[in-house]
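Worksheet: the structure to be examined is printed underneath.
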Amino acid sequence: MKPSRSKRLAISLTIIGTSVFAWVLLLVNPGHILGIVHCHISDSGPSAASFQMLLAMNPFSSQLAGWGLMVVAMMLPKLILPIQDIYGQVFKHQRLISVLLFVLGYIGVWIVAGVFIITATLVINVILPKSYIPIAVIGIITLVWQFSPIKQRCLNRGHVHKRLSAFGWKAYADVLVFGVVHGLWCVGSGWALMWFPMILPAGHNFAMVIVTFIMMSEHLEHPRFPGWHIYFSSKLARTIFTRTQIIIKRTLQFN
Amino acid sequence: MPTFTRKNAWNQNGTLDNPDLLWYAKALQVMQARPIADPTSWWFYAAIHGEYLLPGNTLPKPGPGQPDYRYLNWVNIKYIPVGAHLSTVPKKKLTDLFWDQCQHATWYFTPWHRGYLVALENLIRKIIVGLNGPADWALPYWNYMNQANSGAQSDIPPAFTEQHLPDGSANPLLVAERYGSGVTVGNGRRQANDECQWDTIYTEGANPGAAGPGDLTGYYYGGGETGFNHAGGEETGDLESNPHNAVHGMVGGNNKAKQAGLMGVPNTAALDPIFYLHHANIDRMWAAWNETGKNPNPTDANWQTGPAAHGNSRFAMPLDVNGTAWYYKPKDVSTTIGLAYNGTTYAYTYDDLALASFDTKQPARPLMNLAARLTRLNIAGDVKNIKMANKKERELVGASQGSITLKSNETNANVQLKTAAWKSVSNSLLQASVTNIPDEVFLQLEGVKGGNDVNFLSVYVNDEFVKSVSLFGLLNASMQQGASSGQGLTFKFNITNIVDNLHLSHNIDINSLNVKIKVEDELPGEEQITIDRVSVYRVSQ
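Protein sequence lines correspond, in order, to chains C and Z. Residues 119 to 373 in the working numbering are what the first sequence lists, from first letter to last. Residues 466 to 1006 in the working numbering are what the second sequence lists, from first letter to last.
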């Protein structure tokens, strides 16, 4: 059963607050954990040695931490509805642990995806440092994926909220599996968009904001028939516009 | 602008002697002669509600052992003539804007359907005037709850079963794929009634009525608030659940091959001309609930603005052959007099605005009457003036283990109760007073999946009958391919009176509840219905 209005609001605000905190960390970028800040290539061109040097200057662990922060900042608001759903589906004393397990499963999938994406980004930086060729190629891949039926299928499946077992270890296993499965569909729909800002030589933060906006917007759309659709979702913009109108009207009525 | 009056379809015994029905039929002949690409055709208008025609919506070839629903694809429906030219669908921008709009299991159910009827009524009237018919024509309603003549009006009006119109032409009101003959009215199993009319709250958060809320489904009269993600099948209000859904299933019915009739499935229902008379009656009940019952509609901006409040599409109806749109919000149609229609005002009323036609007295059952509940629980005080608190907390108190598969006949499920959570329920009853209202308890069937839309499930708790529910919309809600996420339907039942009985008989300290679910109509060989989970919730005040 859906939680009450006040509970739903509290869940939404907690998640948005966490996401905002992660955004602040990202923008401040403590320890330069995000992006390839030191790029180097030897005179002899791409080699194992230059790859090792790049890794030494940009440790994989800090790259992965940055990626994790990026996932929390950008993706957490997309989990508001499933978390509200879990909150309503489990026993009261299991609510917090169930939500944490779900988020763990979900972020875990994105971390695994991050290992591949960061590795590919490092390789690209060794082969074509500071080049715009990778961004052009990945930009095209992102666009093709964006309009593909596979992506739409992933978005559709992301709307499915699993019915959870209530009792025993299965209750915990179910929320973890729910998080993993939800994460898989989310990675399926968003991997290209998430990779895009990673390989930008400049304007990384701005690109992340735009990508977040796009991903939130398409996530809010209703499921639709998978097919090749050249479509740019404006749902988040429409929602913000209408919500603002409603808030202004309410404020004027009270004054 | 005059005020049009919608009248009873059973006037002149529901035959084609009733001018409202005769002119309706004549106008339909005109609309049905138009191809589906024409936004003023019957076929286009039916697709506004829902369709199985566009590539993404057609029902696929079944896998081995799976039931075959392709008979519902519009190209296989005999009622649709060749002249509809189904192979030439309208332009994408028209289908994107207008088709597949119907609002079910949401608090927009009533306003969306009101606008749908108003647009069609105006279109038909224009055609009737063009045929030199009455300029005051209005859509008739079919009040199957009417108890005049020993309930004869529960049958489909005879005009809908005649082969020919008086001029000898084929009767467009007759539908080959309509297998039901009428509505079974009553308060028992597999019966339709108008008990919902005694509700006093439209939705959660609305102002509570003095007598306490009626809340049969847990989503009050008008349905639950729809947020960003409307997957469907979750928050059906009392009016929509019964009689609306029940009547769809009964009129659609099954044929000998166990195929559902058009009215029984949302994406074919609006093809049947009886659909609009059924919805005129649902609209009449809503108007009566407002005007006679003095119950208000939501004042919440989210409801008044409609789905656009959450970035979704606006409601849109085509006005002419070019597809000129009338966009409307729930607040535009929240009243029948002075309704905002396409830049002007429009007014209609009904010749009968009695609050209820069958359940004409407020049910004494505690579900419908908080004062009666408290009296029954021996709670002293000024019970008559109690108002319910708006902010209710919900908590899971028990659930079944694993999913349940229903075949024909009945299935028992054991709902295990969590001791600590259940203790909260029994404590709320032990400590109840007029200032400390005891918990309500709801049973929920979650993730009900299948394809037998015209069937009904009857639910019993500890052998006590709770309610029958229509499975209208089950197929769409269960489809994973296409535009649906396949979550299935969810049904909620208020079982507070059963828990009160346990308390009064000092038997409330239990570990489980027995839930018996009866499939009312035999399922065809390969069909089954599954339920992901049966759960019990407490709702505290």
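Idealized CB from N, CA, C, for every residue including glycine.
For residue 913 (chain Z), the closest of Z:926, Z:940 and Z:754 by C-alpha to C-alpha distance is Z:940. Look at residue 219 (chain C): its C-beta is not under 9 Å from any C-beta on chain Z. By the 16-neighbour rule on beta-carbons within 10 angstroms, residue 326 (chain C) is buried. Distance from the CA of residue 476 (chain Z) to the CA of residue 922 (chain Z), rounded to the nearest whole angstrom, comes to 34 Å. Ranked by Cα distance from residue 971 (chain Z), the options Z:590, Z:757, Z:894 and Z:980 are led by Z:894.
Among the residues facing chain C, residue 527 (chain Z) is not included, as its CB has no counterpart in that chain under 9 Å away.
Spanning the alpha carbons of residue 649 (chain Z) and residue 748 (chain Z) requires a straight line of approximately 20 Å. When DSSP states are grouped into helix, strand and coil, residue 571 (chain Z) belongs to the coil group. In the pairwise beta carbon analysis, the stretch 619-630 of chain Z is classified as not touching the stretch 833-842 of chain Z: fewer than three pairs are separated by under 8 Å.
With distances taken between CA atoms, residue 825 (chain Z) lies nearest to Z:753 out of Z:753, Z:558 and Z:802.
If you look at residue 737 (chain Z), you'll find it isn't in any alpha helix (DSSP H); DSSP assigns it neither H nor E. For the stretch 756-781 of chain Z, the set of residues with a beta-carbon nearer than 8 Å to any beta-carbon of chain C comprises 766, 767, 770, 773, 774, 775, 776 and 777, in chain order. Relative to the Cα of residue 527 (chain Z), the nearest Cα in the group Z:982, Z:944, Z:979 and Z:958 belongs to Z:944. Listed in chain order, the non-local C-beta contacts of residue 565 (chain Z) below 6 Å within the same chain comprise 515, local neighbours out to five positions each way being set aside.
Within chain Z, no C-beta atom comes less than 8 Å from the C-beta of residue 319 (chain C); the nearest is roughly 34 Å away. Taking a cut-off of 8 Å on C-beta distances, the stretch 257-269 of chain C does not touch the stretch 186-204 of chain C, as fewer than three cross pairs fall below it. Close CB contacts of residue 536 (chain Z) within its chain, under the 7 Å cut and outside five residues either way in sequence, are with 724 (chain order). For the pair of segments examined, the stretch 595-614 of chain Z was found to touch the stretch 483-493 of chain Z: the number of CB pairs separated by less than 8 Å reaches three. Taking a beta-carbon distance threshold of 9 Å, residue 558 (chain Z) does not count as an interface residue toward chain C.
For the options Z:529, Z:512 and Z:530, the alpha carbon positioned closest to that of residue 523 (chain Z) is the one of Z:512.
When C-beta atoms of the stretch 347-354 of chain C are compared with those of the stretch 283-291 of chain C, fewer than three pairs fall below 8 Å, so the two segments do not count as touching.
At a cut-off of 9 Å between C-beta atoms, residue 934 (chain Z) does not count as an interface residue with respect to chain C. Contacts between residue 860 (chain Z) and chain C, judged by CB atoms closer than 7 Å, involve 210 in chain order. Between residue 516 (chain Z) and chain C, the shortest Cβ-Cβ separation is not below 9 Å. Collapsing the DSSP output to three states places residue 307 (chain C) in a helix. In the DSSP assignment, residue 881 (chain Z) forms a beta bridge with Z:864 and Z:977.
Sequence-distant partners of residue 586 (chain Z) (beyond 5 residues in either direction) whose C-beta falls short of 6 Å from its own C-beta, in its chain, are 604. Taking all protein chains in view, the Cβ of residue 357 (chain C) is crowded by 16 or more other Cβ atoms within 10 Å, so the residue is classified as buried.
Taking 8 Å as the upper bound for CB-CB distance, residue 505 (chain Z) and residue 596 (chain Z) are not in contact here, some 15 Å apart. Here residue 712 (chain Z) is not near residue 726 (chain Z), since their CB atoms are 9 Å or more apart.
For residue 606 (chain Z), there is no enclosing alpha helix (DSSP H), since its DSSP letter is neither H nor E. Taking all protein chains in view, the Cβ of residue 145 (chain C) is surrounded by fewer than 16 other Cβ atoms within 10 Å, so the residue is classified as exposed. Separation of residue 173 (chain C) and residue 281 (chain C) (C-alpha to C-alpha, rounded to the nearest whole angstrom) is 43 Å.
In the displayed model, residue 944 (chain Z) falls within coil according to three-state DSSP, outside both helix and strand.
Note on residue 999 (chain Z): 16 or more other CB atoms within 10 angstroms of its CB, so buried under the neighbour-count rule.
Shown here, residue 205 (chain C) sits in a helix according to DSSP, grouped into three states.
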